[in-house]
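Chemist: One structure coming up, written as structure tokens, with questions to follow.
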Amino acid sequence: MEKVVIVRYAEIHLKGKNRGYFERALAANMEKSLKGIRHEIRRRSGRYLVENFEESAADTIVKRLSKVFGVHSLSVGYKVPSDIDEIYAAAKLVCDDGGTFKVETHRADKKFYLNSPQISAQIGGRLLDGNKSLKVDVHEPDFVINIDVREDGTALIFNKFIKCADGMPVGTAGRGLLLLSGGIDSPVAGHMIAKRGMKIDCLHFHSYPYTNMQARQKVLDLAEILSQYTCGIKVTIISVKHIQEEIHKNCNGAYMVTLLRRFMMRIAERLALSDGDQCIITGESLGQVASQTIEGMTSSNSVVEKLPVLRPLCGFDKNEIIERSRDIGTYDISIRPYEDCCTVFLPDYPIIKPKLADVLAEESKLDVEGLIKEAFASIEVKEF
Amino acid sequence: MIYFDNAATTRPERAALEAANIYLEEQFYNPSALYAEGYNLHRKLEGARRSLVSHIADPDEFGIIITSCGTEADNQAIFCGGRRGNIVTTMGEHAAVYAAAQEAGRRGIEVRFANLNSDGSVDVDHLLSLTDDKTSLVSVMHVNNETGAINDINSISARVKEKNPRTLFHSDGVQAYGKIPFTLGKNIDMYSVSAHKIGGLKGTGALLKRKKLVLQPFIWGGGQEAGLRSGTENVFGINVFAAAADIRYSGGVEGSFDKVRAVQARLWELLDKDLFIRISPECGSPYILTVGAKGVRGETILHMCDDEGLVIGTGSACSSNAAKRYSRVMQACGLRADLLDGVLRLSFNPHNTLQEAEEAAGILNKVVRADSDMMK
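These protein sequence lines are chains A and B, in that order. Following this note's numbering, the numbering of the first sequence begins with 38 at its first residue and continues without gaps. Following this note's numbering, the numbering of the second sequence begins with 3 at its first residue and continues without gaps.
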């Protein structure tokens with residue numbers, strides 16, 4: 038008897054002739070996420086079987102695979118030779134201590150001497166004999182013992198379905214650059230897009246010494262959590278200190294954030310193009326703060342020339358975003374009290390609905406090209 | 003690198019570490035054990051305890067409860083000393099006392115906070131007006147950790163006892179022990195100290211306690227520390243603490259006091275008075291110099307100084323949340339709103355030199371000038 042993990046995949050079922058491509062990408066991502074644990078992954082008729090691992094590693098394997106996009110659900114069960122006594126021994130192990138249950142059997146191996154209802158009846162009967170606190174309920178059971186008799190002379194026995202990340206395998210839908218600020222929203226935006234199969238790179242802006250090392254570490258910690266879903270992540274860190282100083286010195290302070298965002302988008306597009314990213318992803322949510330009005334977005338969007346800007350959170354309420362960030366596991370890091378771009382330069386009354394002409398007039402006071410070049414000189418890259 | 007954040011923690015004294023090394027490698031026994039090795043260790047620890055007390059009080063009068071830190075000592079004093087009626091303390095206390103008192107308040111004891119003078123010392127008249135015949139504990143810190151102001155605890159405790167002789171008097175002496183020349187007067191019942199502020203190790207603190215005073219235990223268990231704070235003794239830490247205190251007190255603590263005062267005076271003399279306003283009192287602890295830099299953020303200055311090789315402390319954090327951004331103590335001192343952002347704490351140890359003070363002043367002037375030009 039061997040402990041195994043059964044992996045079922047999500048939307049890949051809907052794929053036609055290129056299904057193999059998606060299946061291979063999912064297998065490769067699962068391999069990456071299980072790095073460091075001895076295991077074998079085999080594909081079997083529309084699902085995967087993880088086997089040949091240490092029994093004690095089962096929990097870690099489940100934890101890691103449940104975050105891989107493309108995996109719909111997991112079950113931990115046993116693989117035994119197709120023999121009714123062996124099947125019973127495994128069924129006893131996966132069975133709950135009490136409650137109502139039923140046994141469901143799939144028999145792919147039509148040569149097996151009992152048919153599916155007979156197997157269910159035999160195993161169910163023996164389980165009932167062995168444990169007086171069990172009861173059969175075929176309509177609304179508390180749990181289901183699943184038995185899968187396969188053509189290769191083995192059977193799989195399992196109980197619970199563990200709900201996983203769903204989505205499409207990361208890497209099958211191109212590559213995008215996520216602006217990661219350190220707040221609650223941007224990791225959620227990245228997670229949503231990665232879930233549709235996009236490989237994510239991150240870009241973070243800091244302005245040390247106006248911000249601190251803790252704020253920077255916070256972003257790295259967020260990226261590390263995201264990397265568990267995306268099977269690795271690259272974070273680029275760029276300083277906008279001098280840009281903020283120049284805006285502060287030369288321009289109307291109320292335009293600080295509006296102008297800064299335009300610089301950020303320009304830098305993001307250049308980095309994306311040179312790194313092979315096909316879009317820019319931001320965590321903007323319509324009307325959430327002064328700079329995330331439609332006028333603000335128009336102003337920052339107008340500097341992006343070639344790439345689409347994805348704003349998956351635009352229609353979300355803050356509470357919905359918070360709920361998602363708790364599910365992903367980034368919330369507790371996001372609420373650490375360190376600022377991303379420091380409040381030192383924040384105006385008391387920022388422009389909420391900037392007119393593009395006014396923005397351009399303010400921006401003309403700056404050496405935009407020179408400042409962007411200088412910002413790129415501060416580039417740092419981390420990989421998880 | 004110039005390290006001027008010695009009030010946060012200071013470098014352990016190498017001689018103290020070496021002297022105590024024997025307790026790591028050879029004399030590793032449990033001092034509560036009954037065999038000769040254990041008992042001998044127990045006796046040696048008793049010597050170290052007496053020596054720690056003897057620098058500031060009569061070891062026949064005062065006992066010492068070794069704790070894991072100054073905070074634990076303060077918590078023990080608050081929770082075991084103030085068990086009924088009301089507790090009176092000050093707005094200037096370190097969080098170890100302030101937050102513990104607030105918690106005591108939530109547990110049903112009335113807590114009263116006395117106002118501060120502008121230099122961070124307590125307004126004694128206000129403190130006395132809060133003290134009444136129901137007051138079970140008064141806690142007043144000896145040296146304010148944010149401004150260096152010294153409270154004359156011997157005189158304050160005498161006046162408190164005059165008003166209510168049954169009140170216990172505790173003082174948080176973490177920034178005073180090993181630094182300020184003084185002896186514990188007869189009206190002080192408890193006094194907290196910490197090792198890592200004077201060249202000992204983090205993880206060791208102590209509560210000095212009048213021997214006649216009966217307290218409830220703070221941690222229950224095997225009965226160590228006279229039953230008041232159980233747990234196997236940190237033999238190494240206690241011995242390093244005792245050795246470090248010996249070093250600070252050998253030849254009189256006054257010598258280092260004067261030396262540090264010269265460093266502090268030199269630094270203040272060289273700071274550009276157009277940029278800095280002195281918050282620390284002239285006659286406070288020379289180990290701390292707190293200044294307000296006009297028109298800049300303390301944390302930005304801290305990072306810029308760090309890049310120049312000068313490590314300092316600050317009184318505020320870079321946060322948009324006004325409640326968390328400004329120091330509670332600075333606000334209680336009534337510091338001007340435009341200075342609350344730019345509070346810098348420079349703190350020294352006896353090894354700091356005049357030359358370091360001169361270099362530090364140069365860096366501070368340069369950095370604050372540059373940043374305040376930027377912020378205009």
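Think of the CB as a built atom: it goes at the ideal place given N, C-alpha and C, for glycine as much as any other residue.
Report the residue from Asp191(B), Phe259(B), Glu28(B) whose alpha carbon sits nearest the alpha carbon of arginine 168(B).
Modeler: Here residue 168(B) is taken as the residue at index 166 of the second sequence, counted from 1. The residue with the shortest Cα to Cα distance from arginine 168(B) is Asp191(B).
Chemist: Pick out whichever of Pro154(A), Lys271(A), Lys410(A) has its Cα sitting closest to the Cα of arginine 212(A).
Modeler: Along the first sequence, read from residue 1 onward, the residue named residue 212(A) stands at position 175. Checking every option, the nearest Cα to that of arginine 212(A) belongs to Lys271(A).
Chemist: Could you confirm whether any beta carbon from chain A is found closer than 7 Å to the beta carbon of methionine 3(B)?
Modeler: Here residue 3(B) refers to the residue found at position 1 of the second sequence. Judged by the 7 Å Cβ criterion, methionine 3(B) is not in contact with chain A.
Chemist: Would glutamate 321(A) be called buried (16 or more neighbouring beta carbons within 10 Å of its own) or exposed?
Modeler: By one-based count along the first sequence, residue 321(A) stands at place 284. Looking at its Cβ environment, which holds 16 or more other Cβ atoms inside 10 Å, glutamate 321(A) is buried.
Chemist: Comparing the C-beta of threonine 302(B) with each C-beta of chain A, is any distance below 7 Å?
Modeler: The sequence position of residue 302(B) within the second sequence is 300, counting from 1. Chain A, which has a Cβ nearer than 7 Å to the Cβ of threonine 302(B), makes this yes.
Chemist: Let me check understanding here. Comparing Cα to Cα, which of Glu39(B), Pro14(B), Thr69(B), Glu48(B) lies closest to serine 232(B)?
Modeler: Your numbering for residue 232(B) matches position 230 in the second sequence. With distances taken between Cα atoms, serine 232(B) lies closest to Thr69(B).
Chemist: How many Å lie between serine 349(B) and isoleucine 4(B) at the Cα?
Modeler: In the second sequence, counting from the first residue as 1, residue 349(B) sits at position 347. In the second sequence, counting from the first residue as 1, residue 4(B) sits at position 2. Cα to Cα, the separation comes out at about 11 Å.
Chemist: Glycine 220(A): which of Ser170(A), Lys104(A), Ala231(A), Thr319(A) sits nearest, CA to CA?
Modeler: Mapped onto the first sequence, residue 220(A) falls at position 183. Nearest C-alpha to glycine 220(A): Thr319(A).
Chemist: What separation, rounded to the nearest whole angstrom, lies between the Cα atoms of asparagine 356(A) and valine 105(A)?
Modeler: Mapped onto the first sequence, residue 356(A) falls at position 319. Mapped onto the first sequence, residue 105(A) falls at position 68. So the alpha carbons of these two residues sit roughly 25 Å apart.
Chemist: Checking contacts by CB at 7 Å: is glutamate 282(A) closer than that to chain B?
Modeler: Position 245 of the first sequence, counting from 1, holds the residue named residue 282(A). By this cut-off, glutamate 282(A) is an interface position.
Chemist: Taking 7 Å as the threshold (C-beta atoms), are isoleucine 66(B) and leucine 54(B) in contact?
Modeler: Taking the second sequence and counting its residues from 1, one reaches residue 54(B) at position 52. Taking the second sequence and counting its residues from 1, one reaches residue 66(B) at position 64. Taking 7 Å as the Cβ cut-off, leucine 54(B) and isoleucine 66(B) qualify as a contacting pair.
Chemist: Relative to the alpha-carbon of glutamate 68(A), which residue among Val117(A), Ile78(A), Leu151(A) has its alpha-carbon at the smallest distance?
Modeler: Sequence index remark: in the first sequence, residue 68(A) carries index 31 (1-based). Among Val117(A), Ile78(A), Leu151(A), the Cα nearest to that of glutamate 68(A) is on Ile78(A).
Chemist: Evaluate leucine 171(A) with the Cβ neighbour count: other Cβ atoms within 10 Å of its Cβ, from every protein chain shown; 16 or more gives buried, anything less gives exposed.
Modeler: Taking the first sequence and counting its residues from 1, one reaches residue 171(A) at position 134. Looking at its Cβ environment, which holds 16 or more other Cβ atoms inside 10 Å, leucine 171(A) is buried.
Chemist: So which residues of chain A does aspartate 309(B) contact, with C-beta pairs closer than 8 Å?
Modeler: Within the second sequence, the letter at position 307 stands for residue 309(B). Residues of chain A passing the Cβ test: Pro246.
Chemist: Taking Cβ-Cβ distances shorter than 9 Å, what residues in chain A pair up with methionine 143(B)?
Modeler: Within the second sequence, residue 143(B) is the residue found at index 141, counting from 1. The premise fails here: methionine 143(B) is roughly 26 Å from chain A at the closest Cβ pair, so nothing lies under 9 Å.
Chemist: What does methionine 376(B) reach in chain A if we use C-beta pairs closer than 8 Å?
Modeler: Translated into positions along the second sequence, residue 376(B) becomes position 374. Neighbours of methionine 376(B) on chain A, chain order: Glu282, His285, Lys286.
Chemist: Buried or exposed for tyrosine 150(A), please, with buried defined as at least 16 other CB atoms from any protein chain shown within 10 angstroms of its CB.
Modeler: Start at 1 with the first residue of the first sequence, and residue 150(A) comes out as number 113. Looking at its Cβ environment, which holds fewer than 16 other Cβ atoms inside 10 Å, tyrosine 150(A) is exposed.
Chemist: Consult DSSP for glutamate 360(A) and reduce its assignment to one of helix, strand or coil.
Modeler: The count along the first sequence starts at 1 and reaches residue 360(A) at position 323. Residue state, collapsed to three classes: helix.
Chemist: Have a look at the DSSP bridge pairing and note the partners of asparagine 88(B).
Modeler: Position 86 of the second sequence, counted from the start, is the residue given in the question as residue 88(B). For asparagine 88(B), which the question treats as bridged, DSSP gives the partners Glu112(B), Thr137(B).
Chemist: For leucine 297(A) and glutamate 261(A), what's the separation of their Cα atoms in angstroms?
Modeler: The residue labelled residue 297(A) in the question sits at position 260 within the first sequence. The residue labelled residue 261(A) in the question sits at position 224 within the first sequence. Straight-line Cα distance between these residues: approximately 26 Å.
Chemist: Starting from glutamate 361(B), trace the alpha helix (DSSP H) in both directions and tell me its first and last residue.
Modeler: Numbered from its first residue, the second sequence carries residue 361(B) at position 359. That run of the alpha helix (DSSP H) goes 356-377.
Chemist: Any idea what DSSP makes of isoleucine 274(A), helix, strand or coil?
Modeler: Numbered from its first residue, the first sequence carries residue 274(A) at position 237. Isoleucine 274(A): strand per DSSP, three-state reduction.
Chemist: Counting only the same chain and skipping the five closest in sequence on each side, list residues whose C-beta sits under 8 Å from that of proline 118(A).
Modeler: Taking the first sequence and counting its residues from 1, one reaches residue 118(A) at position 81. Around proline 118(A): Gly190, Thr191, Ala192.
Chemist: Return the chain-ordered list of same chain residues with a C-beta closer than 6 Å to the C-beta of threonine 142(A), the five sequence neighbours on each side being excluded.
Modeler: Taking the first sequence and counting its residues from 1, the one referred to as residue 142(A) is at position 105. The answer, listed in chain order, is Ser153, Ile156, Ser157, Ile184.
Chemist: Please report the distance separating the alpha-carbon of serine 322(B) from that of leucine 310(A).
Modeler: Here residue 322(B) refers to the residue found at position 320 when the second sequence is read from its first residue. Here residue 310(A) refers to the residue found at position 273 when the first sequence is read from its first residue. In this prediction, serine 322(B) scores a pLDDT of 48, lower than 50, which makes its location untrustworthy; the coordinate-derived value is nonetheless stated afterwards. In a straight line, the C-alpha of serine 322(B) is about 35 Å away from that of leucine 310(A).
Chemist: Does the segment 231-241 of chain A touch the segment 295-311 of chain B, meaning 3 or more C-beta pairs lie closer than 8 Å?
Modeler: Flag = no, the segment 295-311 of chain B and the segment 231-241 of chain A do not touch.
Chemist: Pair every Cβ in the segment 269-287 of chain B with every Cβ in the segment 409-418 of chain A, then say whether three or more of these pairs are closer than 8 Å.
Modeler: No contact exists between the segment 269-287 of chain B and the segment 409-418 of chain A.
Chemist: In this structure, does DSSP put cysteine 239(A) in helix, strand or coil?
Modeler: Start at 1 with the first residue of the first sequence, and residue 239(A) comes out as number 202. Of the three classes helix, strand and coil, the one that applies to cysteine 239(A) here is strand, per DSSP.
Chemist: Determine the direct distance from the alpha carbon of cysteine 288(A) to that of lysine 402(A), and round the result to whole angstroms.
Modeler: For the purposes of this step, residue 402(A) is taken as residue 365 along the first sequence, with counting starting at 1. For the purposes of this step, residue 288(A) is taken as residue 251 along the first sequence, with counting starting at 1. Whole-angstrom Cα-Cα distance: 7 Å.
Chemist: Comparing alpha-carbon positions, which option in Thr234(B), Arg85(B), Asp125(B), Lys213(B) lies nearest proline 33(B)?
Modeler: Start at 1 with the first residue of the second sequence, and residue 33(B) comes out as number 31. Nearest C-alpha to proline 33(B): Thr234(B).
Chemist: Of the choices Gly227(A), Met205(A), Lys200(A), whose alpha-carbon is the least far from that of valine 346(A)?
Modeler: Your numbering for residue 346(A) matches position 309 in the first sequence. Comparing Cα positions, the closest option is Gly227(A).
Chemist: Which partner residues of lysine 419(A) appear in the DSSP bridge assignment?
Modeler: Here residue 419(A) is taken as the residue at index 382 of the first sequence, counted from 1. Its beta-bridge partners are Val272(A).
Chemist: Apart from the five residues just before and just after alanine 2(B), which ones in its own chain have a Cβ nearer than 8 Å to its Cβ?
Modeler: The question about residue 2(B) has no answer, for chain B in this structure spans 3 to 378.
Chemist: Are the CB atoms of glycine 136(A) and aspartate 166(A) within a distance shorter than 7 Å?
Modeler: For this step, residue 166(A) is matched to residue 129 along the first sequence. For this step, residue 136(A) is matched to residue 99 along the first sequence. No, they are not a contact pair.
Chemist: Considering glycine 213(A), what are the terminal residues of the beta strand (DSSP E) in which it resides?
Modeler: Residue 213(A) sits at position 176 when you count from the first residue of the first sequence. Residues 212-216.
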